[in-house]
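Positions 312 to 863 (my numbering) are the ones given, in order, by the sequence shown. Below is one structure, written out as structure tokens; comments come after it.
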Amino acid sequence: MKRLYCFLGFLLLAARLPLDAAKRFHEVLSSARTSGFMREHSRLNGWSSDDNEWNEHLYPVWKRGDPRWEDSWRGGHVKAILTSDSPALVGSNITFVVTLVLPRCQKEDDTGNTVHEKNCRNGTGPPLDPCVHNGTAWAEDSDWGNGTDQSYHVFPDGRPFPHHHGRRGCNLIYVFHTLGQYYQKLGRCSASVSVNTANMTLGPQLMEVAVYRRKGRTYIPVAKVKDTYVVTDRIPVSVTMSQKNDRNASDETFLRDIPIVFDVFIHDPSHFLNESAINYKWNFGDNTGLFVSTNHILNHTYVLNGTFSLNLTVQALVPGPCPSPTPRPPKPTRSLSPTADSPPQWAGTPGEHCRIEREGHFTARLTIVDGILEVSIIETTEVVMPVPQPGDSLMDFVVTCQGTPTEVCTIVADPTCQVAQNTVCSPADVDDTCLLTVRRAFTGSGTYCLNLTLGDDASLALTSTLVSVPGRSPGPSISVANGALISAGCLAVIVTVIALLVYKKHKEYKPIENSTGIKGNGLNIFLEQAKVKFFPGSQERDPLLKNQPGIL
312 MKRLYCFLGF LLLAARLPLD AAKRFHEVLS SARTSGFMRE HSRLNGWSSD
362 DNEWNEHLYP VWKRGDPRWE DSWRGGHVKA ILTSDSPALV GSNITFVVTL
412 VLPRCQKEDD TGNTVHEKNC RNGTGPPLDP CVHNGTAWAE DSDWGNGTDQ
462 SYHVFPDGRP FPHHHGRRGC NLIYVFHTLG QYYQKLGRCS ASVSVNTANM
512 TLGPQLMEVA VYRRKGRTYI PVAKVKDTYV VTDRIPVSVT MSQKNDRNAS
562 DETFLRDIPI VFDVFIHDPS HFLNESAINY KWNFGDNTGL FVSTNHILNH
612 TYVLNGTFSL NLTVQALVPG PCPSPTPRPP KPTRSLSPTA DSPPQWAGTP
662 GEHCRIEREG HFTARLTIVD GILEVSIIET TEVVMPVPQP GDSLMDFVVT
712 CQGTPTEVCT IVADPTCQVA QNTVCSPADV DDTCLLTVRR AFTGSGTYCL
762 NLTLGDDASL ALTSTLVSVP GRSPGPSISV ANGALISAGC LAVIVTVIAL
812 LVYKKHKEYK PIENSTGIKG NGLNIFLEQA KVKFFPGSQE RDPLLKNQPG
862 IL
């Protein structure tokens with residue numbers, strides 16, 4: 312009888328060997344075991360326990376450093392990148408996205424096939440095969456849907472692939488794993504999954520993803536990746552601060568007497584708070600009191616210099632599970648005699664949904680200093696030089712401001728103020744009145760846009776104006792040359808006229824035909840030509856006046 316018991320025990324042990332030897336999801340996907348308490352209290356809708364068996368025959372498991380990783384993808388190594396829109400407010404949805412980075416010269420086309428890019432050569436070898444991995448061939452497999460053999464069209468836990476039109480081109484298997492549970496899906500070179508965080512444990516958690524591809528009638532791993540995400544019961548809040556004339560908003564140093572714009576941003580990518588009433592409670596730390604608003608934008612002006620602590624509290628009523636009923640202590644009676652407890656005050660029925668108040672907080676330490684509050688151009692004049700000068704036109708700009716600038720910069724642009732032509736910066740030496748004259752050169756006549764800024768260590772004030780630059784007279788060398796030519800011409804005409812008058816008064820008239828035998832000198836010839844030009848009605852052409860004296 313004892314031998315029979317031993318034999319039966321041996322059979323039972325042999326029957327359990329395959330079960331014990333089979334890998335579990337948590338052994339494949341995670342190096343750390345999730346506690347039973349966390350798995351029990353973090354149940355995710357649609358996810359399965361990682362205690363399920365992993366089909367290692369169809370989905371082999373390779374450890375890090377296994378040489379088979381080098382040949383898992385044709386053409387090189389594939390890298391997986393995992394991102395999420397963490398942090399997530401408990402009760403909202405969090406989305407995870409896995410993106411595969413393919414080897415050089417490879418891309419995914421519109422049909423889901425992985426192909427080589429055109430005109431891209433990986434090294435100096437022969438041209439690459441256009442197709443790397445055919446995703447549509449899998450969907451068009453002759454074995455799929457004809458009932459012959461579908462044993463390998465399953466996920467690692469043995470569940471069959473979904474059979475629908477949207478599956479075409481999805482030739483990769485993604486297995487997501489977190490909080491002791493897993494989720495399987497088909498995808499292309501990118502896959503995403505959204506999870507509701509209502510039952511998730513608060514704090515940082517780990518998401519791990521394994522990616523497999525088909526090879527024949529099995530699947531081989533191509534990438535593994537993991538990333539940390541955060542689930543919180545505090546509303547994720549950030550604030551951007553901006554101010555006119557502030558030089559650097561990121562240093563949290565601002566100017567006195569100029570409003571600061573505070574803009575609150577609530578990180579809520581799943582729009583969980585869209586239907587919630589949100590209140591913003593501000594304390595600016597300058598003894599101005601508490602400001603409550605329903606608007607995410609608020610302006611505030613500090614009127615004193617110094618350092619101030621900014622505190623913001625964001626409150627919202629969000630849907631959530633009702634708390635368990637708790638009895639309240641009985642109200643005291645006048646006689647103070649022992650009485651039976653009052654019936655408990657229920658906050659709600661377990662399992663129902665209530666409105667829960669969630670809060671978010673933001674703090675900052677602001678430094679308020681003096682700065683340049685205003686700047687304006689009150690006068691624009693052209694610089695007139697005593698002696699005309701060649702080159703650029705000079706313009707003077709009389710500038711007034713409120714503050715003590717240390718630098719002045721100008722940008723000259725086209726009339727639309729869009730295309731900058733030149734930039735000039737120079738030190739600004741001003742007194743308490745903040746009145747200065749800025750001189751700038753312009754390359755030619757026309758209309759320009761002038762941007763003028765006055766700055767110091769903490770502020771930068773800007774003003775703009777349109778400048779009309781008049782045309783300049785020519786340079787001195789050209790003017791002198793032209794003047795000399797004009798003067799010489801006038802002098803020649805005057806000399807010619809005087810010479811003609813003298814000649815006609817003192818020289819007896821002689822016909823031209825009678826002077827053929829006389830050799831005239833150059834002056835006579837010049838005067839005769841000038842007389843013909845300036846006195847076309849000469850008496851010499853009138854036969855009645857032949858051999859008569861000339862008239863002036």
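Glycine included, each C-beta is placed from N, C-alpha and C at the ideal position.
Scan the segment 550-595 and note each continuous beta strand (DSSP E) run of 3 residues or more that stays entirely inside, going in chain order.
You should have 564-566, 571-577, 589-594.
Please name the residue in T543, G682, L705, N559 whose C-alpha comes closest to that of E693.
Indexing the sequence shown from 1 puts residue 693 at position 382. For E693, the closest of T543, G682, L705, N559 by C-alpha to C-alpha distance is L705.
Which of helix, strand or coil does DSSP assign to F336?
What you label residue 336 is simply residue 25 of the sequence shown in a count that begins at 1. In the structure shown, F336 sits in a helix (DSSP, three-state: H, G or I).
With a 10 Å radius around its C-beta and 16 neighbouring C-beta atoms as the bar for buried, classify W384 as buried or exposed.
Translated into positions along the sequence shown, residue 384 becomes position 73. Residue burial is scored here from C-beta neighbours: W384 has at least 16 other C-beta atoms within 10 angstroms and is therefore classed as buried.
Compare the Cα-Cα distances from E285 to each of V730, I683, H607, L765 and report the closest residue.
In the structure displayed, the chain extends from 312 to 863; residue 285 sits before or after that span and is not available.
Residues of its chain near V412, where Cβ-Cβ distance is below 8 Å and the 5 sequence neighbours each way are ignored:
Sequence index remark: in the sequence shown, residue 412 carries index 101 (1-based). The residues V389, K390, A391, I392, in chain order, have a CB closer than 8 Å to that of V412 in the same chain once the five nearest residues on each side in sequence are set aside.
Cβ-based neighbour list, P649, same chain, cut-off 6 Å, excluding 5 preceding and 5 following
By 1-based counting over the sequence shown, the position of residue 649 is 338. Any reading at P649 needs caution, since the residue's pLDDT is 36, under 50, leaving its predicted position unreliable; the model's value is listed next. There are no such residues.
Any idea what DSSP makes of E519, helix, strand or coil?
In the sequence shown, the residue the question calls residue 519 occupies position 208. In this structure, E519 counts as strand in the three-state DSSP scheme.
Given a cut-off of 9 Å, decide if R751 and V735 are closer than it, judged by their beta-carbon atoms.
Within the sequence shown, the letter at position 424 stands for residue 735. Within the sequence shown, the letter at position 440 stands for residue 751. Contact: yes.
Between L575 and S620, what straight-line distance do the alpha-carbon atoms span, to the nearest angstrom?
Start at 1 with the first residue of the sequence shown, and residue 575 comes out as number 264. Start at 1 with the first residue of the sequence shown, and residue 620 comes out as number 309. At residue 575 the sequence reads Val, which differs from the Leu that was named. V575 and S620 have their C-alpha atoms some 17 Å from each other.
Rounded C-alpha distance that separates K537 from N590
One-based indexing of the sequence shown puts residue 537 at position 226. One-based indexing of the sequence shown puts residue 590 at position 279. Going by the C-alpha atoms only, they are around 37 Å apart.
Given a threshold of 16 other Cβ atoms within 10 Å of its Cβ, counted over all protein chains shown, does H582 qualify as buried or as exposed?
Position 271 of the sequence shown, counted from the start, is the residue given in the question as residue 582. Burial call: exposed.
Can you tell me which residues form a DSSP beta bridge with T254?
Coverage of the chain is limited to positions 312 through 863, which leaves residue 254 absent and any answer about it impossible.
Apply the 10 Å Cβ neighbour rule to T605 and answer buried if 16 or more other Cβ atoms are within range, or exposed otherwise.
As a working mapping, residue 605 is identified with position 294 in the sequence shown. The residue in question, T605, is exposed, as its Cβ has fewer than 16 Cβ neighbours within 10 Å.
Can you give the beta carbon distance from R567 to D681, rounded, assuming they're within the 8 Å contact cut?
For the purposes of this step, residue 567 is identified with residue 256 of the sequence shown, where counting begins at 1. For the purposes of this step, residue 681 is identified with residue 370 of the sequence shown, where counting begins at 1. Indeed they touch by this definition, with Cβ atoms about 6 Å apart.
Three-state secondary structure (DSSP) of E668
Within the sequence shown, numbered from 1, the residue matching residue 668 stands at position 357. Under the three-state reduction of DSSP, E668 is assigned to strand.
Around the C-beta of Q516, are 16 or more other C-beta atoms found within 10 angstroms, so that it is buried, or is it exposed?
Taking the sequence shown and counting its residues from 1, the one referred to as residue 516 is at position 205. Buried, by the Cβ-count rule.
Please classify E367: does DSSP put it in a helix, a strand, or coil?
Counted from its first residue, the sequence shown places residue 367 at position 56. Coil.
C-beta contact flag for T678 and F565 at 9 Å
The residue labelled residue 678 in the question sits at position 367 within the sequence shown. The residue labelled residue 565 in the question sits at position 254 within the sequence shown. For T678 and F565, yes; Cβs fall inside 9 Å.
Reference P570; option with closest CA among H578, N556, E563, T612
By one-based count along the sequence shown, residue 570 stands at place 259. Of the candidates H578, N556, E563, T612, T612 places its Cα closest to the Cα of P570.
For the putative contact between G491 and S397, defined by C-beta atoms under 8 Å, what is the C-beta separation to the nearest angstrom?
Taking the first residue of the sequence shown as 1, we reach residue 491 at position 180. Taking the first residue of the sequence shown as 1, we reach residue 397 at position 86. That pair is no contact at about 19 Å.
Taking Q495 as the reference, give the member of C720, Y523, Q626 with the closest Cα.
Here residue 495 refers to the residue found at position 184 when the sequence shown is read from its first residue. Comparing Cα-Cα distances from Q495 to each of C720, Y523, Q626, the minimum goes to Y523.
Where D538 falls: helix, strand or coil (DSSP):
Locating residue 538 in the sequence shown gives position 227, where the first residue counts as 1. The three-state secondary structure of D538, taken from DSSP, is strand.
The beta strand (DSSP E) that contains E685, what's its start and end?
Position 374 of the sequence shown, counting from 1, holds the residue named residue 685. E685 -> beta strand (DSSP E) spans 685-693.
Could you compute how far the alpha carbon of D743 sits from the alpha carbon of T711?
As a position in the sequence shown, residue 743 is number 432, starting the count at 1. As a position in the sequence shown, residue 711 is number 400, starting the count at 1. Those two C-alpha atoms are separated by around 11 Å.
Could you name the residues of the same chain whose beta carbon sits closer than 6 Å to that of G782, not counting the 5 residues immediately before and after it, in chain order?
Reading the sequence shown from its first residue, position 471 is the one you call residue 782. Within the same chain, S756 come within 6 Å of G782 by CB-CB distance, once the 5 residues on both sides are set aside.
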